[in-house]
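Data first, discussion second: the structure below is written as structure tokens.
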Amino acid sequence: MEILGQKLTRDFYLRPTLTVAPDLLGKTIVYNHPQRQLAADIVEVEAYVGEDDPACHAASGKTERNRVMYGRGGYSYLYFIYGMYHCFNIVTERDGFPAAVLIRGVEPFIGKDIMSRLLPPGKSPNWLISDGPGKFCRAFGLTRKQNGLDLTGSELFLIDRGNEKPHVGVSPRVGIKKATKREWRFFDINSRYVSGNRTV
DNA sequence: TGTTGGATCAACT
DNA sequence: GTTGATCCAACAC
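Residues in the first sequence are numbered consecutively from 5, following my numbering.
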């Protein structure tokens with residue numbers, strides 16, 4: 005199935021991270037796996053910008069883990085955390101400057117039934133499957149295998165399908181103890197799929 | 001070689 | 001509000 009929309013090009017990702025992050029709200033992530041197609045609209049993100057940002061993985065320099073963050077914008081940065089979860093980031097800005105946007109919440113658009121099968125059994129049908137960075141990666145089946153993918157390619161990419169501009173809320177980033185004064189979390193205030201709106 | 005704690009989530013009290 | 005699950009990168013030694 006072909007989804008109607010304009011694929012985001014390299015230029016989109018090369019802009020300043022604090023411009024790209026809120027601009028990602030309402031855009032659609034498409035994951036074309038050989039056996040399945042998944043798509044979801046972004047409703048919550050966080051920006052991590054450069055070695056001067058104490059909360060950014062690049063705060064203490066380049067390592068094997070954060071290597072793709074140092075590359076050109078428009079690539080995926082996936083890492084494993086807390087022994088159980090993965091987090092998906094979109095690398096931004098020019099080659100050599102480490103920055104990325106963490107995807108924290110999405111509204112399922114295509115393949116919700118497939119996503120549900122990747123989740124633990126016994127949840128009620130209206131259980132939110134993608135409100136939170138770990139839950140999003142689990143619903144999409146994203147792991148470190150997808151680290152470093154070119155998001156202008158055909159496997160994993162983003163499109164603008166003309167969604168209405170969301171009403172954007174701003175807050176400090178979640179789950180970090182450093183740089184809590186920086187309000188670099190952006191979310192669609194009308195979406196149920198923003199993390200923290202627990203519905204079970 | 002060993003230790004520690006994290007951009008999480010859900011199930012407790 | 002607190003804790004368990006469970007891995008591995010980063011850093012200390």
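Think of the CB as a built atom: it goes at the ideal place given N, C-alpha and C, for glycine as much as any other residue.
Problem set entry | Where the alpha helix (DSSP H) through residue 120 begins and ends | By 1-based counting over the first sequence, the position of residue 120 is 116. For residue 120, the enclosing alpha helix (DSSP H) begins and ends at 116-121.
Exercise. In the DSSP assignment, what residue or residues form a beta bridge with residue 10?
Worked result: Against the first sequence, residue 10 aligns to sequence position 6. Note: residue 10 is bridge-paired with 164 in the DSSP secondary-structure output.
Problem set entry | Neighbour-count burial assignment, residue 46, 16 or more Cβ in a 10 Å radius | Within the first sequence, residue 46 is the residue found at index 42, counting from 1. That one is buried.
Problem set entry | Exposed unless 16 or more other CB atoms sit within 10 angstroms - verdict on residue 31 | Here residue 31 corresponds to residue number 27 of the first sequence, with the count starting at 1. So residue 31 ends up on the buried side.
Exercise. Short check: CB of residue 175 to CB of residue 111, under 9 Å?
Worked result: If you number the first sequence from 1, residue 175 lands on position 171. If you number the first sequence from 1, residue 111 lands on position 107. Contact flag unset, no.
Exercise. How would you call residue 67, buried or exposed, if buried means at least 16 neighbouring beta carbons within 10 angstroms?
Worked result: Counting from one through the first sequence, the residue named residue 67 turns up at place 63. Exposed, since its Cβ has fewer than 16 Cβ neighbours within 10 Å.
Problem set entry | Between the CA atoms of residue 109 and residue 185 - distance to the nearest angstrom | Position 181 of the first sequence, counted from the start, is the residue given in the question as residue 185. Position 105 of the first sequence, counted from the start, is the residue given in the question as residue 109. Residue 185 and residue 109 have their C-alpha atoms roughly 22 Å apart.
For this session: Quick one: measure Cβ to Cβ for residue 50 and residue 12, integer angstroms, because I've assumed they're closer than 8 Å.
Result: Translated into the one-based positions of the first sequence, residue 50 becomes position 46. Translated into the one-based positions of the first sequence, residue 12 becomes position 8. Beta-carbon to beta-carbon, residue 50 and residue 12 are separated by about 19 Å, too far to satisfy the 8 Å threshold.
Problem set entry | Enclosing beta strand (DSSP E) for residue 91 [first to last residue] | Here residue 91 corresponds to residue number 87 of the first sequence, with the count starting at 1. First-last of the beta strand (DSSP E) with residue 91: 89-95.
Exercise. Per the contact definition of three or more C-beta pairs closer than 8 Å, is the stretch 127-147 in contact with the stretch 70-79?
Worked result: Cβ pair count under 8 Å is below three, so no.
Problem set entry | Simplified DSSP state of residue 83, which is helix, strand or coil | Here the question's residue 83 lines up with position 79 in the first sequence. In the structure shown, the three-state DSSP call for residue 83 is strand.
Exercise. Can you tell me whether DSSP reads residue 3 as helix, strand or coil?
Worked result: The chain is shown from 5 up to 204; residue 3 falls before or after that span and cannot be answered.
Exercise. Among 20, 16, 28, which one has its Cα closest to the Cα of residue 192?
Worked result: Indexing the first sequence from 1 puts residue 192 at position 188. Residue 192 has its Cα closest to that of 28, out of 20, 16, 28.
Exercise. Taking three-plus beta-carbon pairs below 8 Å as touching, is the stretch 18-25 in contact with the stretch 35-46?
Worked result: Contact between the stretch 18-25 and the stretch 35-46 is absent, because fewer than three Cβ pairs lie under 8 Å.
For this session: Label residue 130 either buried or exposed according to how many other C-beta atoms from any shown protein chain fall within 10 Å of its C-beta, with 16 as the threshold for buried.
Result: The residue labelled residue 130 in the question sits at position 126 within the first sequence. Exposed: under 16 other Cβ atoms inside 10 Å.
Exercise. First and last residue of the beta strand (DSSP E) that includes residue 44?
Worked result: Reading the first sequence from its first residue, position 40 is the one you call residue 44. Segment 40-53, the beta strand (DSSP E) holding residue 44.
For this session: Quick one: grab the DSSP three-state call for residue 32.
Result: Position 28 of the first sequence, counted from the start, is the residue given in the question as residue 32. Note: residue 32 maps to strand in three-state DSSP.
For this session: Flag this pair as yes or no: are the beta carbons of residue 44 and residue 92 separated by less than 9 Å?
Result: Here residue 44 refers to the residue found at position 40 when the first sequence is read from its first residue. Here residue 92 refers to the residue found at position 88 when the first sequence is read from its first residue. Cβ distance not < 9 Å, so residue 44 and residue 92 don't count as in contact.
Exercise. Exposed or buried, residue 58, counting other C-beta atoms within 10 Å across all chains shown (16 or more means buried)?
Worked result: As a working note, residue 58 is residue 54 in the first sequence. Under this definition residue 58 is an exposed residue.
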